[in-house]
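Chains as they are written, first to last, in the numbering used here: chain A, 24 to 342; chain B, 20 to 308; chain C, 71 to 320. To start, the structure itself, in structure tokens.
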Amino acid sequence: MSDQYDARKLLALACIWAALLLAPYWMPPLGGYTALGTRVLVLGLAAMSLNFLLGFTGVLSFGHAAYFGLGAYGAGLSLKFLAASSPLALLMGMLLGGVAGALLGTLIVRRRGVYFAMVTIAFGQVFYYIAFQWSSLTGGDDGLRGFSRQPLDFGLFKIDILSNADYFYYFVLFCFALIVAIMSFILRSPFGRTMLAIRENERRARFLGIAIERHIWIVFTLSCFFIGFAGALYALLNNFADPRGLHYSQSGDFVMMAVMGGMRSFWGPLLGAAVFVVLQDYLSSVTVNWMSFVGLLFVLVVLFFPRGLLGMVRRKLAS
Amino acid sequence: MLQLLLFNVTNGLIIGAFYVLMALGLSLILNLSNVINFAHGGFLVVGGYIAYTITPYVGFWGALLIAPPLTAIIGLLAERVLIRPLYGRDPLYSLLLTFGLAFIFEDGTRFIWGAQGKPVTVPAVLAQPLSYEFFFITGYRLFMVAMVVVAVAVLFVLLRYTRLGIRIRAGTLDLETVSALGVNVRTLRSLNFAVGIFLAGLSGVLAAGQLGLEPTMGSGLLMPSFIAIIVGGVGSLTGTLLGGLLIGVASGITAVFLPAASEAIMYVLMAVVLLIRPRGLLGEEGMMT
Amino acid sequence: MTLLTVDNVSRHFGSLIAVDDISMTVAPGELRAVIGPNGAGKTTFFNMISGFLIPTSGRIIFDGEDITRLLPARRVWRGIARTFQITEVFPELTIRENLRIAVESASGFRLRLWQTSEEDRKVRQRVDELLEMSGLGQKAHRLVGELAHGDQRANEIMMALALRPRLLLLDEPTAGMGDQETYDITQLIRKLHRDQKLTIVLIEHDMRVVFHLADRIMVLAEGKMLAEGTPKEIAANEAVQAAYLGKAAA
Chain A
24 MSDQYDARKL
34 LALACIWAAL
44 LLAPYWMPPL
54 GGYTALGTRV
64 LVLGLAAMSL
74 NFLLGFTGVL
84 SFGHAAYFGL
94 GAYGAGLSLK
104 FLAASSPLAL
114 LMGMLLGGVA
124 GALLGTLIVR
134 RRGVYFAMVT
144 IAFGQVFYYI
154 AFQWSSLTGG
164 DDGLRGFSRQ
174 PLDFGLFKID
184 ILSNADYFYY
194 FVLFCFALIV
204 AIMSFILRSP
214 FGRTMLAIRE
224 NERRARFLGI
234 AIERHIWIVF
244 TLSCFFIGFA
254 GALYALLNNF
264 ADPRGLHYSQ
274 SGDFVMMAVM
284 GGMRSFWGPL
294 LGAAVFVVLQ
304 DYLSSVTVNW
314 MSFVGLLFVL
324 VVLFFPRGLL
334 GMVRRKLAS
Chain B
20 MLQLLLFNVT
30 NGLIIGAFYV
40 LMALGLSLIL
50 NLSNVINFAH
60 GGFLVVGGYI
70 AYTITPYVGF
80 WGALLIAPPL
90 TAIIGLLAER
100 VLIRPLYGRD
110 PLYSLLLTFG
120 LAFIFEDGTR
130 FIWGAQGKPV
140 TVPAVLAQPL
150 SYEFFFITGY
160 RLFMVAMVVV
170 AVAVLFVLLR
180 YTRLGIRIRA
190 GTLDLETVSA
200 LGVNVRTLRS
210 LNFAVGIFLA
220 GLSGVLAAGQ
230 LGLEPTMGSG
240 LLMPSFIAII
250 VGGVGSLTGT
260 LLGGLLIGVA
270 SGITAVFLPA
280 ASEAIMYVLM
290 AVVLLIRPRG
300 LLGEEGMMT
Chain C
71 MTLLTVDNVS
81 RHFGSLIAVD
91 DISMTVAPGE
101 LRAVIGPNGA
111 GKTTFFNMIS
121 GFLIPTSGRI
131 IFDGEDITRL
141 LPARRVWRGI
151 ARTFQITEVF
161 PELTIRENLR
171 IAVESASGFR
181 LRLWQTSEED
191 RKVRQRVDEL
201 LEMSGLGQKA
211 HRLVGELAHG
221 DQRANEIMMA
231 LALRPRLLLL
241 DEPTAGMGDQ
251 ETYDITQLIR
261 KLHRDQKLTI
271 VLIEHDMRVV
281 FHLADRIMVL
291 AEGKMLAEGT
301 PKEIAANEAV
311 QAAYLGKAAA
């Protein structure tokens, strides 16, 4: 994470953005479809939000899907009961996820290591449970339905993101770019460097005068805002909010995306999300036992590719 | 009113006893090896299904005797091959691995035995309700509690008086010193894991008789175990015991006043404990990492 | 006039008494060495001064303020910095990045999302200063985790120095080092002591280092203080000689 603007890094960045901007054009010929790209973007954003905490601060949160799900429900409920506005839905979703994260974060950051992970999982499950039980509000097991993303109304013109998949894709890409820019900005600042310090050596960070718990709480809250936003986008994508999106297995998926792509790199989780989504899509269409294969994937990645795809690429480049 | 309360407290204790059995196994593994065994529920299910499969041949009692050790052996294999390589590394990886294992177990059991729930028949002698007034006290449930009590007692004796047990306890406090004293830490971890899985397998057999069997039941039972450990306190088995009973009782009492919240109360309890005493009821200071 | 006063401090771990009623006063600008065999309680003693542990009894007074129960991070702001027995640095970051984080923390920038170019310049300047002082300039771009032990230790000391401490605690700075590295670190410490007029308390096993650097020496054994005085006095002290110095006395 140095400040050097390598020619190589700029080139890689340019390639990534080129691929993202042109996705609706190169995906169909390869057998994909735009909505799949949108899905990868949203889940990739979620994984990157988690990685803000996991890969860059070294904090193991395994219950982040809860805030993703809250974002989804927040957006859905906003569209259903507040106003037919997509931007508002996104805002509400982000707020719901972020505020919940801020509140729970105060309880969670008192623990560390595996116990921290346990607590994050347990708290995540609270929301899963609520989503199921409070069926009058959330639709229970069936999930939240009866809403859909609204076309963007700028007064003079409208952008129909509801029926046009390509327009929606670019809308999501815009949102994605916004959040990614914010994340990147934060990571390059002194605040971001303190995050790294905590990841690298908590004890040393403490003895440099860094208030660890407070810092982790802030990063936790930020990551919950980001992932809540991603969840809201997901609800807009599906016109549906799923209680299963709150379950810790969804959290596990996000962690796996980050690990598979490479936890130590900024774009790794997006890559991991792409691979994971495509793989899962493919597997569930060819076999009923896709779950075993996903489980097997977890096992194999952990045992043999812990640094993830981009991690391996870096190794190759360094040697 | 008092009778109703007593009723539900007892009911809660019975539920709690079951949670204790699950949570103790999880806690053992967590304390010594710093691994959150997400697959614990999976092992429970596997234990239950093994019992179901062999019952026609050896009867219920035979299954009770054979299934847990068999499950423990599977656990031993999993630990040796999959988890052992990960000990030195970031706990993230063992978490992800057991997570993946849980998926494999769930889908595997679905593949082998089908997705439908399997009814498990229990010996007639146990199925009788023992009292018509307290109808929930069937012979089976009392038997379950009895089994838990026996298992906990045996575990206690194991940890207190056997060499393995003493090493496990010492290892939980200071693994480095234990290894410096010549104990093979890797074997210790494996055996500890096996004991934990034995308890999971036993839970599975018992659960099968009470709840029936189906591939997804493992994950549902995992959460109460987590909460029992968090509430009871990090690093303390007695704490886990207490935690399990506490959430069982809390659940039972809540069922009287607010039936819909009887599951939620566990989470509330956990939040309260974390607020007031972050290390848990009997947790030890300094076990924060 | 003392900078640090340790007042009858003890630390128990259950029935185990790690530190038993030790008192120490350190004057500003002094370099004090704490020596003693393994298990004498030196690191526990240090941990209490730096805030990692709280004494079971006794007080610690730094520059007139009772800091006995103050959190480690707070003590850093009072002016106490330390290094650890096992070098604690940021292994996957470069020396420059390690120092930069230390300087930024010292400047109060930890939570900042941006800095003016003036502030940035000052930070860079300070980092360069520290690099020059320690002679690590050539290796500034390398990952600390990949460097030799001596350089890692130098990096750690400079990170502590970035905090502009008034008291520097060094826990076995030359542990595990060969002769050349030991010499380099000793020179670095000496330079810092003289040029920066730092008050330093260090734990050491290597008697050459101790006698080369220390103004005063305190000897601990089994949690208690055995002797205290100038290097000459300690060298001449028979009890100390018999038990601990052996043939390593310079």
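Ideal placement from N, C-alpha and C gives every residue a C-beta, glycine not left out.
9 Å is my cut-off, CB to CB: does residue i come that close to chain A?
{"i": "E195 of chain B", "result": "no"}
{"i": "E242 of chain C", "result": "no"}
{"i": "E167 of chain C", "result": "yes"}
{"i": "A224 of chain C", "result": "no"}
{"i": "S120 of chain C", "result": "yes"}
{"i": "E158 of chain C", "result": "yes"}
{"i": "A176 of chain C", "result": "yes"}
{"i": "G78 of chain B", "result": "no"}
{"i": "F115 of chain C", "result": "no"}
{"i": "I266 of chain B", "result": "no"}
{"i": "L21 of chain B", "result": "no"}
{"i": "A189 of chain B", "result": "no"}
{"i": "F122 of chain B", "result": "yes"}
{"i": "G119 of chain B", "result": "yes"}
{"i": "M229 of chain C", "result": "yes"}
{"i": "V271 of chain C", "result": "no"}
{"i": "L300 of chain B", "result": "no"}
Of all the CB atoms in chain B, is at least one closer than 9 Å to the CB of residue i?
{"i": "A140 of chain A", "result": "yes"}
{"i": "A145 of chain A", "result": "yes"}
{"i": "F321 of chain A", "result": "yes"}
{"i": "Q273 of chain A", "result": "no"}
{"i": "F85 of chain A", "result": "yes"}
{"i": "V317 of chain A", "result": "yes"}
{"i": "R133 of chain A", "result": "yes"}
{"i": "V122 of chain A", "result": "no"}
Would a check of beta-carbon distances place residue i closer than 9 Å to chain C?
{"i": "S25 of chain A", "result": "Residue confidence for S25 of chain A is low, a pLDDT of 47 falling below 50, so the modelled location carries little weight and cannot support an answer."}
{"i": "F208 of chain A", "result": "yes"}
So, under 8 Å CB-CB, residue i and residue j are touching, yes? Tell me the CB distance rounded to an integer number of Å.
{"i": "P98 of chain C", "j": "L123 of chain C", "result": "With 8 Å as the limit, P98 of chain C and L123 of chain C do not qualify as a contact, their Cβ atoms being about 25 Å apart."}
{"i": "I266 of chain B", "j": "V250 of chain B", "result": "6 Å"}
{"i": "L102 of chain A", "j": "F180 of chain A", "result": "About 21 Å; that fails the 8 Å criterion."}
{"i": "P297 of chain B", "j": "R216 of chain A", "result": "No, P297 of chain B and R216 of chain A are not in contact; Cβ-Cβ is about 28 Å, not under 8 Å."}
{"i": "A283 of chain B", "j": "Y152 of chain A", "result": "6 Å"}
{"i": "F118 of chain B", "j": "N312 of chain A", "result": "Contact flag wrong, Cβ pair sits at about 17 Å."}
{"i": "I184 of chain A", "j": "L196 of chain A", "result": "Actually they are not in contact, since the Cβ atoms of I184 of chain A and L196 of chain A sit about 12 Å apart, beyond 8 Å."}
List, in order along the chain, the chain B residues whose C-beta lies closer than 7 Å to that of residue i?
{"i": "N312 of chain A", "result": "D126, F130"}
Find the residues of chain B that neighbour residue i, judging by a C-beta separation of less than 8 Å, and give them in chain order.
{"i": "V82 of chain A", "result": "Under the 8 Å cutoff, chain B gives no residues; its nearest Cβ is about 10 Å from V82 of chain A."}
{"i": "A329 of chain A", "result": "Checking the sequence, you will find Pro at residue 329 of chain A rather than Ala. Chain B residues near P329 of chain A: R108, Y112."}
{"i": "R216 of chain A", "result": "Simply none; closest approach about 21 Å."}
Would you mind telling me which residues of chain A sit closer than 9 Å to residue i, beta carbon to beta carbon, in chain order?
{"i": "V141 of chain B", "result": "Those within 9 Å of V141 of chain B in chain A number zero; the least Cβ separation is about 30 Å."}
Can you pull the chain A residues whose beta carbon is under 7 Å from the beta carbon of residue i, in chain order?
{"i": "I304 of chain C", "result": "What I304 of chain C touches in chain A: nothing, since even the nearest Cβ is about 30 Å away."}
{"i": "A279 of chain B", "result": "Q156"}
{"i": "E282 of chain B", "result": "Y152"}
{"i": "F179 of chain C", "result": "P213"}
{"i": "A290 of chain B", "result": "L130"}
Please list, in chain order, the chain B residues whose beta carbon lies closer than 9 Å to that of residue i.
{"i": "L326 of chain A", "result": "L101, P104, L105, Y112, L116"}
Residues of chain C with CB closer than 8 Å to the CB of residue i, please, in chain order.
{"i": "S212 of chain A", "result": "R182, L183, W184, Q185"}
If the cut is a Cβ gap below 7 Å, which residues of chain C does residue i touch?
{"i": "T129 of chain A", "result": "Result: empty, since nearest Cβ-Cβ is about 17 Å, beyond 7 Å."}
Could you list which residues in chain A have their beta carbon closer than 8 Å to that of residue i, in chain order?
{"i": "V146 of chain C", "result": "F230, L231, G232"}
- With 9 Å as the limit, tell me which residues of the region 220–243 of chain A have their beta carbon closer than that to any beta carbon of chain C; keep them in chain order. A220, R222, E223, N224, R226, R227, A228, R229, F230, L231, G232, I233, A234, I235, R237, H238, I241
- Task: Just list the alpha helix (DSSP H) runs in the region 26–107 of chain B, keeping only unbroken ones of 4 residues or longer that don't cross its boundaries, in chain order.
- Result: 59–97
- Ranges of the alpha helix (DSSP H) found wholly within the region 138–226 of chain B, counting only runs of at least 4: 143–146, 158–180, 182–192, 194–199
- Fully enclosed by the region 86–160 of chain A, which alpha helix (DSSP H) runs are 4 residues long or longer? 88–100, 109–131, 136–156
- Query: Just by C-beta distance, which residues in the region 269–303 of chain A are closer than 7 Å to chain B?
  - Reply: G275, V278, M279, V282
- Query: Where are the beta strand (DSSP E) runs, 3 residues long or more, that stay fully inside the region 83–108 of chain C, in chain order?
  - Reply: 86–96, 101–105
- Message: If we require 3 or more residues per run, which beta strand (DSSP E) segments fall completely within the region 204–257 of chain C?
- Response: 237–241
- With a floor of 4 residues, list each alpha helix (DSSP H) that falls wholly inside the region 234–295 of chain A, ordered by position along the chain. 235–261, 271–284
- Only counting runs of 3 or more residues, tell me where the beta strand (DSSP E) segments fall wholly within the region 268–304 of chain C, in order along the chain. 269–273, 286–291, 294–299
- Query: Which full runs of the alpha helix (DSSP H) of 4+ residues lie inside the region 162–214 of chain A, going along the chain?
  - Reply: 188–211
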